[in-house]
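Heads up: the structure comes next, in structure tokens.
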Amino acid sequence: MGESVSPWTPSCNGSVSVQLSGHATSSDSGALLLREALDRSGVIEALEDHLVDRRHPLRIRHSLANQLRTLVLQRAMGWIDLSDTDTLRRDPLWQLACSDARGMTPLAQDRPSQATLSPLLTCLGRNDNIDAVHEGLLRLVVWRLTSLKNGERPEQLTLDIDGLPIEVHGHQGGSAFHGLYGARIYSPLIASLAETGDMVGGLLREGNAGPAENADTWIPHLVRRLNESTGASVRVRIDAGFTDNDTLEALEDRGIEYLGRLRSHSGLQKLAAPYLKRPRGRPPEHPREWCHDLEYQAGSWPAPRRVVLVVQERPDDLLLHAFFLVTNLGKFDWPPERVLALYRKRGSAEAHMGEVKSALDVHLSSTDRGASTVQDVMARNEVSLLLSLYAYQVLHGLRRLLESRTL
Numbered sequence: 142m143g144e145s146v147s148p149w150t151p152s153c154n155g156s157v158s159v160q161l162s163g164h165a166t167s168s169d170s171g172a173l174l175l176r177e178a179l180d181r182s183g184v185i186e187a188l189e190d191h192l193v194d195r196r197h198p199l200r201i202r203h204s205l206a207n208q209l210r211t212l213v214l215q216r217a218m219g220w221i222d223l224s225d226t227d228t229l230r231r232d233p234l235w236q237l238a239c240s241d242a243r244g245m246t247p248l249a250q251d252r253p254s255q256a257t258l259s260p261l262l263t264c265l266g267r268n269d270n271i272d273a274v275h276e277g278l279l280r281l282v283v284w285r286l287t288s289l290k291n292g293e294r295p296e297q298l299t300l301d302i303d304g305l306p307i308e309v310h311g312h313q314g315g316s317a318f319h320g321l322y323g324a325r326i327y328s329p330l331i332a333s334l335a336e337t338g339d340m341v342g343g344l345l346r347e348g349n350a351g352p353a354e355n356a357d358t359w360i361p362h363l364v365r366r367l368n369e370s371t372g373a374s375v376r377v378r379i380d381a382g383f384t385d386n387d388t389l390e391a392l393e394d395r396g397i398e399y400l401g402r403l404r405s406h407s408g409l410q411k412l413a414a415p416y417l418k419r420p421r422g423r424p425p426e427h428p429r430e431w432c433h434d435l436e437y438q439a440g441s442w443p444a445p446r447r448v449v450l451v452v453q454e455r456p457d458d459l460l461l462h463a464f465f466l467v468t469n470l471g472k473f474d475w476p477p478e479r480v481l482a483l484y485r486k487r488g489s490a491e492a493h494m495g496e497v498k499s500a501l502d503v504h505l506s507s508t509d510r511g512a513s514t515v516q517d518v519m520a521r522n523e524v525s526l527l528l529s530l531y532a533y534q535v536l537h538g539l540r541r542l543l544e545s546r547t548l
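So this is what it looks like as structure tokens:
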């Protein structure tokens with residue numbers, strides 16, 4: 142028969158009673174739980190206060206809050222395409238989950254149509270609105286971080302920066318064919334907190350953007366906003382694609398601690414050569430590892446930087462292996478072994494990136510329409526990217542909340 146859980150009433154509508162039962166549960170019933178999380182975060186109200194809606198008011202029959210909830214909650218529940226809104230237009234559960242009204246009133250109301258929501262994406266992508274959309278994602282993160290600890294804010298955060306290539310199925314403005322992926326893509330940057338799994342920011346870039354393009358301006362801005370919002374000290378962890386001089390210099394100029402991997406090349410190999418001699422004795426039965434604190438100045442660097450050389454010895458392998466980390470973390474508090482341990486926590490960030498792609502099936506489908514410019518198309522697609530991160534963040538916040546109550 143399945144296990145039943147005591148009925149629950151969402152705060153958005155006291156006339157609704159939700160009962161979870163293993164043998165009789167709607168596949169979309171989680172939308173009401175997500176609505177509860179979205180309401181508690183306050184992000185929809187904040188967006189309503191700061192967004193400028195230039196659409197003709199006589200053509201809009203639904204509140205901005207209703208439309209925003211529709212965009213976020215449908216994505217979180219797997220209804221990603223705007224055309225899905227018409228499929229769900231008379232679904233009573235979705236009428237209740239997204240409406241401002243209480244009681245049974247939502248059941249007599251139509252939901253926003255695709256023709257209403259599509260112009261909203263354009264509206265959100267305008268210059269006077271896009272910053273508010275970015276801030277909304279950060280608000281979700283701050284709510285999530287503080288809601289589990291009775292309002293206590295974290296003292297230290299580590300911000301991970303990753304590229305998240307997204308394949309497009311068309312010739313959307315700004316997309317480009319990328320030989321490495323064998324497809325047309327956009328090349329967005331994603332910022333996350335690996336230790337907590339929160340998605341902090343997203344920046345859409347053209348498909349042919351270099352790995353570190355825009356990183357020297359976007360990362361410091363995000364660190365500043367995260368620090369202002371949480372009061373936490375924020376350090377940055379990056380992979381080899383972002384350890385160019387411009388990015389490192391931008392972080393150093395603002396006093397931001399960083400840690401990143403360097404691509405190996407002849408100069409680094411020459412630096413490492415004295416440390417790549419196998420120790421005497423039999424080969425080990427288990428892998429061994431050594432860390433060495435060095436200084437190195439690449440040709441494009443104005444001054445030497447701290448580099449940690451990591452040497453690895455593997456069983457049944459005659460050669461030693463090495464990789465390099467660059468950091469401005471202080472040597473006294475951060476010996477090389479501790480630097481390496483911090484870098485290895487990047488694995489959690491990569492796992493969360495996989496969740497974003499697999500759970501939400503992120504796709505950016507806005508194409509050139511009429512007089513649309515490449516910038517217009519990119520702006521709409523950046524909004525779509527951010528809404529997918531909103532959806533992930535609401536799902537993640539609810540998941541962590543449930544975990545904390547059941548452990």
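The working numbering puts the first residue of the sequence shown at 142, with every later residue one more than the last. We put the CB at the ideal spot given by N, CA and C, even for glycine.
Nearest CA to the CA of D457: which residue from F318, R419, L435, L483?
R419
Going by DSSP, name the residue or residues bridged to C432.
V451
If we count Cβ pairs, one from each stretch, closer than 8 Å, do we get three or more for the region 194 to 201 versus the region 515 to 529?
no
Do you know offhand how far G401's Cα is from E454's?
22 Å
Residue nearest to A414 in terms of C-alpha spacing, selected from L173, H462, R446
H462
List in chain order: all unbroken alpha helix (DSSP H) runs of 4+ residues lying wholly within the region 223 to 276.
225 to 228, 233 to 239, 255 to 265
For R243 versus G155, is the C-beta spacing smaller than 9 Å?
yes
As a quick exercise: from D169, N270, W284, pick the residue whose alpha carbon is nearest that of L179.
W284
C-alpha gap between L412 and I331, whole angstroms
33 Å
For T547, collect the residues of the same chain with a Cβ closer than 6 Å to its Cβ; drop the 5 residues on either side in sequence, then sort them by chain order.
none
Express the C-alpha separation of R447 and A273 in angstroms, rounding to a whole number.
38 Å
Close Cβ partners of M340 (< 6 Å) along its chain, the five nearest in sequence each way excluded
S333, L530, Y533, Q534
For my contact list, S182 and L286 are in at a C-beta cut-off of 8 Å; report their separation, rounded to the angstrom.
Actually they do not touch by this definition, with Cβ atoms about 11 Å apart.
The alpha helix (DSSP H) enclosing M519, as first and last residue numbers:
515 to 547
Apply the 10 Å Cβ neighbour rule to H203 and answer buried if 16 or more other Cβ atoms are within range, or exposed otherwise.
buried
Cβ neighbours of L417 in the same chain (closer than 7 Å, five flanking residues each side left out):
V452, L461, A463
Nearest-angstrom beta carbon gap, R216 and L528 [assumed within contact, 8 Å]
6 Å
Reference D303, options G171, E354, Q208, closest by Cα:
E354
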